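Numbering (the UniProt record's numbering), first residue to last: 1 to 326. Virtual Cβ for every residue (Gly too), placed ideally from N, Cα, C. Only a predicted model underlies this, so the values are computations on that prediction, with no experimental measurement involved.
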């Protein structure tokens, strides 16, 4: 390895210095940094980071690596790290508070300089406790300390927008496929659904509310459950776009036309929602912006600057799955 040869140290010593785990003399560290510069082994930012005792890595905890929801947010994170010299280490918490905590401990053991936590089930207090060791920026929660910042979107307002849109089109029997009962975002979206109905003077009918789990299969099963219960409805609000995709498939298999027979609204505005048949009306979460802004905020905290950042509000995107009641 050219860097090791030029610095007069072993390759393992270079590796440990790069990882931030080596206990070496200042002379050896300076020799490695000089060799890195000479052979252009790493960007200048990395060398500067090593001088400051940084690993130049950011830990990212997602909940479901296969989900397009997190794909879009991670794209924002990736763009936020461009030209900074930082690399990311991605782990999954699988919507389990204990596993999330274990993943964060793993990242701390790897000497990451900061952590981005994308949603999750850990309590705010647990996140704050971890932030005493490394700065953390989290989505889906309201935090604001010197070492922890949270970005929480108004899920209640977003759901209200979706249901209010359907009410304006003349719908009064509006089914709702919720998210998991133990999910905070899902509860807030249920509250938005309830508020929109109440403001319009529409009585809440519990038989039109079916629990899902934010996956396509639950949307399909929930629609079939609504059909089996023989409930009458003219519109469906799905708690996220993946649920709406499953609901759309169930409607298709029943020969029910969208939006001619039943209107359908989702929540998230995933990239694929513009290309469903027909294109899905949905509430847009600024997923890419959340990832980019969260990353920029974390880097500011790492550099000793004030934690700050603001993401755009949710908005309704009207496409072709809703229409006025005839």
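Check residue 9 in the structure and name its three-state DSSP category. Note: residue 9 maps to coil in three-state DSSP.
Given this structure, state the Cα-to-Cα distance separating residue 160 from residue 196, to the nearest angstrom. Distance between the alpha carbons of residue 160 and residue 196: 5 angstroms.
Can you find the residues in the same chain that come closer than 6 angstroms, C-beta to C-beta, to residue 171, ignoring five residues on each side of it along the sequence? Within the same chain, and ignoring the five residues on either side of residue 171 in sequence, the residues whose Cβ sits closer than 6 angstroms to its Cβ are 234, 235, 325.
Residue 93 versus residue 173: straight-line alpha-carbon distance, rounded: For the pair residue 93 and residue 173, the Cα-to-Cα distance works out to about 38 angstroms.
Where does the unbroken beta strand (DSSP E) through residue 73 begin, and where does it stop? Element bounds for residue 73: not the beta strand (DSSP E) but the alpha helix (DSSP H), 68-81.
So the candidates are 4, 211, 268; which of them puts its Cα closest to the Cα of residue 154? Out of 4, 211, 268, 268 has the C-alpha closest to the C-alpha of residue 154.
Please report the distance separating the alpha-carbon of residue 194 from that of residue 100. One C-alpha to the other measures close to 32 angstroms.
Should residue 156 be labelled buried (16 or more other beta-carbon atoms within 10 Å of its own) or exposed? Counting of Cβ neighbours within 10 angstroms places residue 156 among the buried residues, the total reaching 16 or more.
Could you have a look at residue 175 and say whether DSSP puts it in helix, strand or coil? In the displayed model, residue 175 falls within a strand according to three-state DSSP.
Who pairs with residue 141 in a beta bridge, going by DSSP? Bridge partners of residue 141: none, in fact.
Contiguous beta strand (DSSP E) assignments of at least 3 residues, all confined to the stretch 190-244: Complete beta strand (DSSP E) runs here, min 3: 209-211, 235-238.
Taking 8 angstroms as the cut-off, does the stretch 68-77 touch the stretch 290-301 (at least 3 CB pairs, one atom from each stretch)? Flag = yes, the stretch 290-301 and the stretch 68-77 touch.
Cut-off 6 angstroms between Cβ atoms - residues of its own chain near residue 315, not counting five sequence neighbours on either side: For residue 315, where only same-chain residues beyond five positions count, the Cβ hits under 6 angstroms are 284.
For the stretch 213-229 against the stretch 302-309, are there 3 or more C-beta pairs whose distance is under 8 angstroms? The stretch 213-229 and the stretch 302-309 do not touch, with fewer than 3 CB-CB distances between them shorter than 8 angstroms.
Within 8 angstroms, do at least three Cβ pairs link the stretch 100-114 to the stretch 54-69? Touching, yes.
Quick one: give me the first and last residue of the beta strand (DSSP E) that residue 320 is part of. Here residue 320 belongs to no beta strand (DSSP E), and DSSP marks it neither H nor E.
Among the residues of its own chain, which have a CB less than 8 angstroms from the CB of residue 230, if the five just before and after it don't count? Excluding sequence positions up to five before and after residue 230, its CB lies less than 8 angstroms from no other CB in the same chain.
Opposing strand residues paired with residue 58 [DSSP bridges]: Residue pairing of residue 58 in beta bridges, as defined by DSSP: 88, 114.
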